[in-house]
Amino acid sequence: MKLLYVLLYVTLFGLINARPDRSNFKQQKATCGYESCHPTSNDLLNVHLVPHSHDDVGWLKTLDQYYYGSRTSTQRAGVQYILDSVVDELLKDPKRRFVYVESAFFEKWWLEQDEERREDVKQLVNEGRLEFAGGAWSMNDEASVHYHSIVDQLTWGLRFLNDTFGECGRPRAGWQIDPFGHSRELANLWAVAGFDGLLLVRIDHQDKKRRTSEKECEMIWRGSDDIGAPSDLLTGVLFNHYSPPPGFCFDVLCSDDPIIDDVNSPDYNVDQMVEKFLEFVKNQADSYKTNNIILTMGDDFYYQNALMWYKNMDKLIKYVNERHNEVKLIYSTPSCYIKSLHDSNTTWPTKQDDFFPYGSDSHSFWTGYFTSRPTLKYYERRGNNMLQACKQLQSMTNPSDESGLRSLRSAMGVMQHHDAITGTEKQHVAYDYARILEAGIQDCLKVSQNAINKLMATSEEISMQLCKLNETECSISENSNSYILTFYNPLGYEVSDIVRIPSIGKIASIRNATGALLEHWIQPLTDDLKNRKKIIKSNATHELIFEVKNIPALGFKSYYIDNKGLSNDDDGVQKTEQSYESRDIENEFIKVNLDSNTGLVSSISFTDNGVTTDFPLSQEMLYYEGADKSGERASGAYVFRPKTEDPISFNRPVNRFLTSDIVSEVHQHFSNWTTQIIRTYRGQKHVEIEWTVGPIPIEDKTGKEVITRFSTDFKTDSSFYTDSSGRQMLKRILNKRPTWEVELDEPVSGNYYPVVSMMSIKDNASKRELYLITDRAQGGSSLKDGQLELMVHRRLLKDDGFGVGEALDESENGIGLVARGTHYLVIGNSDQETPPLIYSRQLALKKLLQPIILISDAEKIPFSQWINNNNVYGGIIAKLPDNVHLLTLEPWKEGSILLRLEHYFQKTDDPNNLSKSVTVDLEEFLSGFTISSIKEVTLPANQFSNEAKRLNWKSSEIIAENFNEIYNKQCSSNRNSVNYCMLDSKRAFTHMIRNQSSNIDSRNTKEIRITLNAMEIKSFVIEAVPKHL
């Protein structure tokens, strides 16, 4: 049956900056929140009907296609019709409720409404009839996302809700119902953001079976051992996915019968429907601890005709409540359900690990998406790099104007969606994500260009561009005789870096801000890369290599490169020596030894304080063949399922060695579609491994999944460690789960975990440690003692059957996709001067927020003109302590700035030094600003921290202070026992928000000091003006 969708009020209202300011955090006279919840009964089974629509911000269709409802042959889904229809139905009856999640869609719809419609919606929100859950820009993934971007997109979504609806728009419940597994760090972030609880769906099928049988579907989840009780979050696992009970889907997209209550109708079915409903309800109630259960009345893009839903739910509530005195059926919301759990005064079980990996059945582990679409994952990571720099530069030059930031803030919010960064979308949607991200980056480039020109005090505007350095492509450096390179450092401390710029082989002179010449090197591209350049039409034949030293914190340095009229001996140029004769790769700290027979790495030697330690280690590239047998689960965008447990090796690599004073490297050619470069740079204590994979061949009709594997002689007791969303490290044990006895029919994919930032293995007896740092999210594991592997690229020919409906077969320029990336290897002893863990945390942060490299054509900018600019800038902030990271500096509202500082070490990382609490004087740190007020706010900046309150909960267990220590250990409370485990004597939720706020409206003091404990983040809204303006 065709539906006629009528849009009643469609008027476009300005840009986001025209939103009304609903007076920051002020409570309106309203009955929203818990006051709006329908009453429950202590004596009855309370059934909470939660109407909702799960609206993906892109998946089978693009964001715009989903919003407008186009491309109906792919999926009948139109978000604008959902919101139109739901609002109409909510206005008809004050008892009705609805929950909405994705701010990206809601804002798009809101801007089209006229003032009368907006007032209606505000009334619904103020009365708690329309509730926002989660409220971030999108419902983010939890495996492939970095916590920087989680915080940003949560903040961006909640800011819209706060600006538009005030306190009543603030979500109290997290609603992560579709991500494919769940991160411990997200639980921590959601707790400190002020959420009272979290509802989710996708946990391993074995875990779900155990929890339902033992009534442990609801628990206290400790998000961080470092934060402790304030990171505890009441977490519930939904019973029936996020769908309605079977037979009770009243959507236009469903085929279930409506409730027919005309007794004269031959199709009268009230008795039948009520009994069927109660049977389901009682079955679900048997799996939960309290007399409250939640039923999700909705699914993907439901409610395009909300009348069908509410008319039938009204009848269902009426007849169940009339006919049965043991059940009470009510309209509800996620927050009202969580409040009812709180009011039950129940004592809850606890959890300290995470919900990875997610297996939906014994042969379907959703671990492939940890790596799917590797180039899009890399692009998103660089998007975050650009956004942080862009926000900082705008804060330093024109904080009252945010317009240039909007598109990249929104694009990065969209990219965190659980079908975006995951790589589980259709191909045309992936292209659209890249388009949105590119547009945002270009807008931020304009902001950065304007800001740097202002800080440089240029006489004429200098145009700036970004190079595609990961593809060794840069039009200006390849075609211009003179150009300018500007390096902006987004970190809160000074950095140095070694850079490689595409070149056409001419000898260049490089001058710094004083006019002095810099030492530099010219290195030819490999034959593999030259062939690649033919495809992307680049002129580059060489790379220019030089060191950029001491870029100031939140500052820049600019350099002038001149290729005109130079001989091979001019201006300090150094050439690279080439050889095919086997040799070691080394610098003053580290040596990579290669086996002359296999051509592979055989060991690494590391020198610390004059003492050299040898570490037997091999590294190789391999690939799994993806399962593709007809009638069985295939390896696909979501699922990793190899045909066999053992990957396939490549032939012996052909090695080519290149050495110079600054870099030593070996180029390894494994095949015409797999190569890598292993290098050590002067002055660095790590090994860089640059891999290039693709086009993955499919002529044999077999999909392939490529890995890099590192093997040592470490005794690791089947244990390894991976990061949680780029932050805390979690212990993993092969073939084991912390909370249930797992049975694995897929021993490879069932042991894969997400690696957002780094993974490691440790030999505790010998104190040896190995860390691998990634430049994007990937999947990884340790399938044998002393081993680590990371999946870098995958190309598959069959769909895995979980909805995307097409194979993961990416291509570019008519051939299979080529992916290129870098791993950073750190190895050493835990008792050395700078332990590997400390060095790795610092290195991971440097690689996450690398200097932004901006290039300008200088054909019309002579050196004599350039030298008069301010080509070095710094000093707007003071140096931060070594254990503190500047997480956020961005323009906020009405010319203020939002500042976040974080202690980025865990308390066990370096207990005697960097893990200790640290004090920062904000006025000293922000020495380049004139400050008039500082107000501490919650993590998403939608509440003053001293006003934030959360529900208190009781747990049934004492929580260990260090999960990694007690995992797989029989704990004893006896301090003299070898099995002694430190336990947190405070049961969960003794207090939830630390009210250590610094709210200062007038400056009568010269010192504003804050203290940060291990892994703690503090956020501030500051009224300040850069002194140089």
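Heads up: the sequence shown begins at 2 in our numbering, then just goes up one per residue. Backbone N, C-alpha and C define an ideal beta-carbon position, used for all residues, glycine too. No experiment lies behind these values; they were computed from the predicted model shown.
Hey, residue i and residue j are a contact pair by Cβ (cut 8 angstroms); roughly how many whole angstroms apart?
i: G516; j: I878; result: Rounded, the Cβ-Cβ distance is 28 angstroms, inconsistent with contact.
i: V275; j: I1018; result: 50 angstroms between Cβ atoms; not a contact.
i: S483; j: I552; result: With a Cβ gap of about 22 angstroms, S483 and I552 do not count as contacting.
i: W138; j: S104; result: 5 angstroms
i: K62; j: A78; result: 7 angstroms
i: V1026; j: T931; result: 5 angstroms
i: V827; j: H687; result: 5 angstroms
i: L526; j: A509; result: At roughly 16 angstroms, the Cβ-Cβ gap does not stay under 8 angstroms, so L526 and A509 are not in contact.
i: N588; j: T676; result: In fact, because the Cβ distance is near 22 angstroms, the residues do not count as touching under 8 angstroms.
i: V694; j: H794; result: 4 angstroms
i: F926; j: L881; result: 7 angstroms
Could you give the residue range of the beta strand (DSSP E) that holds residue i?
i: V152; result: First-last for V152: Y148 to F166, but that is the alpha helix (DSSP H), not the beta strand (DSSP E).
i: Y304; result: Run containing Y304: none; DSSP gives neither H nor E here.
i: E937; result: F930 to V938
i: K329; result: V328 to Y332
i: P358; result: Neither: P358 is in no beta strand (DSSP E) and is coded neither H nor E.
i: S720; result: S720 to D724
i: H1029; result: Taken as a continuous stretch (DSSP letters only), H1029 belongs to no beta strand (DSSP E), as it is neither H nor E.
i: L45; result: It is not in any beta strand (DSSP E) - L45 carries neither H nor E in the DSSP assignment.
Which residues in the same chain have their Cβ closer than 7 angstroms to the Cβ of residue i, if we skip the five residues on either side of it in sequence?
i: R653; result: T599 and G600
i: K216; result: S288, Y289 and K290
i: N884; result: H904, Y905, F906, L915 and V919
i: V1022; result: W893, S897, L899, K936, V938 and A942
i: A1015; result: D227, H904, F906, Q907, K908 and S916
i: W191; result: G175, L199 and L234
Give the range of the alpha helix (DSSP H) segment to which residue i is assigned.
i: I828; result: Unbroken run through I828 is the beta strand (DSSP E), A820 to N830; no alpha helix (DSSP H).
i: Q389; result: P375 to T398
i: T676; result: Counting along the chain, T676 falls outside any alpha helix (DSSP H), though it belongs to the beta strand (DSSP E) covering T675 to Y682.
i: S214; result: H206 to S214
i: N914; result: Unbroken run through N914: none, as it is neither H nor E.
i: L844; result: P837 to L849
i: W110; result: S104 to W111
i: R584; result: From DSSP, R584 is part of no alpha helix (DSSP H); its letter is neither H nor E.
Here's a check: name, in chain order, each residue in its chain whose Cβ is nearer than 6 angstroms to the Cβ of residue i, leaving out the five neighbours to either side.
i: K592; result: D585 and S606
i: D257; result: G248 and C250
i: N25; result: The predicted model places N25 with a pLDDT of 39, which falls under 50 and marks its position as unreliable; any figure quoted below should be read in that light. Answer for N25: no residue qualifies.
i: F366; result: P358, G360, E747, S750 and G751
i: D911; result: I839
i: T991; result: Confidence at T991 is low in this model, with a pLDDT of 33, below 50, so the placement of that residue should be treated as unreliable; the coordinate-derived value is given next. Cβ within range, chain order: A230.
i: R976; result: With a pLDDT of 48 at R976, under the threshold of 50, the predicted position of this residue should be treated as unreliable, though the coordinate-derived value follows. Counting only Cβ-Cβ distances below 6 angstroms, and skipping sequence neighbours, we find nothing.
i: E813; result: none
i: I816; result: P696
i: L887; result: G493
i: F711; result: Q620 and L789
i: S1003; result: With a pLDDT of 37 at S1003, under the threshold of 50, the modelled position of this residue cannot be trusted; read the value that follows with caution. Nothing listed; no residue qualifies.
i: F196; result: G175
i: E381; result: M416 and I422
In its own chain, which residues sit with a C-beta less than 8 angstroms from the C-beta of residue i, not counting the 5 before and 5 after it?
i: L45; result: N292, N326, E327, V328 and K329
i: S986; result: Unreliable positioning characterises S986 in this predicted model, as indicated by a pLDDT of 40, which lies under 50. A coordinate reading is not provided.
i: G384; result: L409, A412, M413, M416, L438, G441 and I442
i: D208; result: F356, R738, T740 and W741
i: I994; result: Interpretation of I994 is limited by its pLDDT of 33, a score under 50 that renders its predicted location unreliable; no figure is taken from the coordinates.
Okay, do the stretch 319-333 and the stretch 34-50 touch, 3+ Cβ pairs below 8 angstroms being the bar? yes
Touching or not, the stretch 839-856 and the stretch 480-500, by the rule of three or more beta carbon pairs under 8 angstroms? yes
Any chance you could list the alpha helix (DSSP H) runs of at least 4 consecutive residues sitting entirely within the stretch 262-290, in chain order? 271-286
The stretch 122-134 contacting the stretch 856-868, beta-carbon criterion three pairs below 8 angstroms: no
Does the count of Cβ pairs from the stretch 171-178 and the stretch 219-228 closer than 8 angstroms reach three? no
With contact counted as at least three CB pairs below 8 angstroms, one residue from each stretch, are the stretch 459-479 and the stretch 828-838 in contact? no
Please confirm if the stretch 62-71 is in contact with the stretch 159-174, defined as three or more CB-CB distances below 8 angstroms between the two stretches. no
Could you pull out every unbroken alpha helix (DSSP H) segment of at least 4 residues lying fully inside the stretch 397-457, listed in chain order? 407-416 and 428-457
For the stretch 638-722, which segments carrying the alpha helix (DSSP H) assignment without a break, of at least 4 residues, lie completely within its bounds, in sequence order? none
With contact counted as at least three CB pairs below 8 angstroms, one residue from each stretch, are the stretch 384-404 and the stretch 418-427 in contact? no
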